[in-house]
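Counting from 82, one number per residue, gives the positions in the sequence shown under my numbering.
Below is one structure, written out as structure tokens; comments come after it.
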Amino acid sequence: MEDVVRFCHERGMLLLADEVYQENVYDTRRRFLSFREVVLGMPEPYCSETMLVSLHSTSKGVIGECGRRGGYFCMANLPAALRQQVVKLCSINLCANVNGQLMTALMCSPPREGETSYAMHQRECDAIFTGMKERAELLARELGNVRGLSCQPVEGAMYAFPRIVLPERYAQRNEKLS
Numbered sequence: 082m083e084d085v086v087r088f089c090h091e092r093g094m095l096l097l098a099d100e101v102y103q104e105n106v107y108d109t110r111r112r113f114l115s116f117r118e119v120v121l122g123m124p125e126p127y128c129s130e131t132m133l134v135s136l137h138s139t140s141k142g143v144i145g146e147c148g149r150r151g152g153y154f155c156m157a158n159l160p161a162a163l164r165q166q167v168v169k170l171c172s173i174n175l176c177a178n179v180n181g182q183l184m185t186a187l188m189c190s191p192p193r194e195g196e197t198s199y200a201m202h203q204r205e206c207d208a209i210f211t212g213m214k215e216r217a218e219l220l221a222r223e224l225g226n227v228r229g230l231s232c233q234p235v236e237g238a239m240y241a242f243p244r245i246v247l248p249e250r251y252a253q254r255n256e257k258l259s
């Protein structure tokens, strides 16, 4: 991740970090690490000059409320002129939909331990997370059972990355055909 930050900084590029799957880390030996945490934890000039926009949404992850259209983004180190343009673009729709605002508020401020709805919220989130994890494990396992495919375990999010091994004759034939 630090290499990505350096790459963007050296070229004056804006780093857009889609961090919607931050709750979906299935491997208990790993933890979610945000680009914001990485950028701000790096030495100067990276921590104060690397332009970053970090995105989060209610549409993905454990919340998974695709139709609610809620989310937020966080900007770091954007020049004032660019920041003003972003604010102007956001002002085109002066009011986000109420459902989206509600879901975003719930995502950012879930029930706390001791509150009436805490236990039910935890049960629901755990059940959703467990189901997603089981489906991810099933997908990786079944892809690995297909001849010519292999797949690393899915450690998070909702994506599997299978490796396709083409038969040697197929590769040779395509090489001849250019």
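Note that the Cβ used here is the ideal one computed from N, Cα and C, for glycine as well.
{"Item": "Classify isoleucine 144 as buried or exposed, calling it buried when 16 or more other Cβ atoms lie within 10 Å of its own Cβ.", "Value": "buried"}
{"Item": "Terminal residues of the continuous beta strand (DSSP E) containing methionine 184?", "Value": "Counting along the chain, methionine 184 falls outside any beta strand (DSSP E), though it belongs to the alpha helix (DSSP H) covering 179-189."}
{"Item": "In whole angstroms, give me the CA-to-CA distance for arginine 164 and glutamate 83.", "Value": "24 angstroms"}
{"Item": "Since leucine 133 and leucine 96 should fall inside the 8 angstroms C-beta cutoff, what is the C-beta to C-beta distance between them, to a whole number of angstroms?", "Value": "5 angstroms"}
{"Item": "Drop a sphere of 10 angstroms on the beta-carbon of arginine 149, count the other beta-carbons inside from all chains shown, and report buried for 16 or more, exposed for fewer.", "Value": "buried"}
{"Item": "Is it true that the CB of methionine 123 sits closer than 8 angstroms to the CB of valine 85?", "Value": "no"}
{"Item": "Give me the Cα-Cα distance between serine 140 and valine 101, rounded to the nearest whole angstrom.", "Value": "8 angstroms"}
{"Item": "In chain order, what residues of the same chain have a beta carbon less than 6 angstroms from the beta carbon of phenylalanine 242, not counting five sequence neighbours either side?", "Value": "none"}
{"Item": "What is the DSSP secondary structure of glycine 229, reduced to helix, strand or coil?", "Value": "coil"}
{"Item": "Taking glutamate 236 and valine 106 to be in contact with their CB atoms under 8 angstroms, please state how far apart those CB atoms are, rounded to whole angstroms.", "Value": "7 angstroms"}
{"Item": "Does glycine 142 pass the burial test, meaning 16 or more other C-beta atoms within 10 Å, or should it be called exposed?", "Value": "buried"}
{"Item": "If you draw a straight line from the alpha carbon of serine 231 to that of glutamate 249, how long is it in whole angstroms?", "Value": "16 angstroms"}
{"Item": "Could you compute how far the alpha carbon of proline 191 sits from the alpha carbon of lysine 257?", "Value": "59 angstroms"}
{"Item": "Classify glycine 151: buried if its beta carbon has 16 or more other beta carbons within 10 angstroms, exposed otherwise.", "Value": "buried"}
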